[in-house]
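Letter by letter, the sequence shown follows residues -31 to -1, 1 to 75 in mature numbering (1 follows the signal peptide of the UniProt record, and there is no 0). For every residue, glycine included, the Cβ atom is placed at its ideal position computed from N, Cα and C.
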Amino acid sequence: MMLGAFVPFRTCVIAALAFVFIIVFSKSASAINDSQVKCSITCVAENCNSVGIRYGKYCGVGWSSCLGEKPCDDLDACCKIHDECVDKKGLTNIKCHEKFQRCIKK
């Protein structure tokens, strides 16, 4: 009997967490869309106090919204190369990440 009462509560908790997850990522996506207008003229760090930190035109998780544009500096160029590698070979390809580390150490 106890297990039957526990399952609905657990389901509610999972549903609530999924809802929060969707809200957080939808707000992140809209923030990215808002800054696409500025991408060609800025090369500064944004959202430095959150997971969604962005730098330049190519650096940041899920941030490559300036496709076709020249990177604004050497660090941004490393991010662009990393994005292209991950797009081609997949996020789990260690060589992409190692190449990125070597690039930013230059």
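Let me know if residue i comes out buried or exposed under the rule of 16 or more other beta-carbons within 10 Å of its beta-carbon.
i, result
"ASN42", "Here the sequence assigns Asp to residue 42, which means Asn is not the residue at that position. Classification of ASP42: exposed, given that the 10 Å Cβ count is below 16."
"GLY25", "buried"
In terms of alpha-carbon separation, which member of the options lies closest to residue i?
i, options, result
"GLY37", "TYR27, GLY31, LYS64", "TYR27"
"GLY31", "ASP52, ASN18, ASP45", "ASP52"
With a cut-off of 7 Å, does the C-beta of residue i fall near any C-beta of chain C?
i, result
"VAL55", "Annotation note: the requested chain C is absent from the structure, which comprises a single protein chain."
Leaving out five residues on either side along the sequence, give the residues of the same chain with a beta carbon under 8 Å from the beta carbon of residue i.
i, result
"ASN73", "One point to set straight first is that residue 73 is Ile, not Asn, in the sequence displayed. Cβ within range, chain order: LEU44, CYS47."
"LYS68", "ILE50, HIS51, CYS54"
"ILE58", "For the record, residue 58 in the displayed sequence is Lys; it is not Ile. Hits under 8 Å: LYS64, CYS65."
Starting from the C-beta of residue i, find all residues in its chain whose C-beta is less than 7 Å away, skip the five residues before and the five after it, and write them out in chain order.
i, result
"PRO40", "GLY25, LYS26, TYR27, ALA46, LYS49"
"THR61", "none"
Would you mind reading off the limits of the alpha helix (DSSP H) that contains residue i?
i, result
"GLU67", "63 to 74"
"ILE50", "43 to 58"
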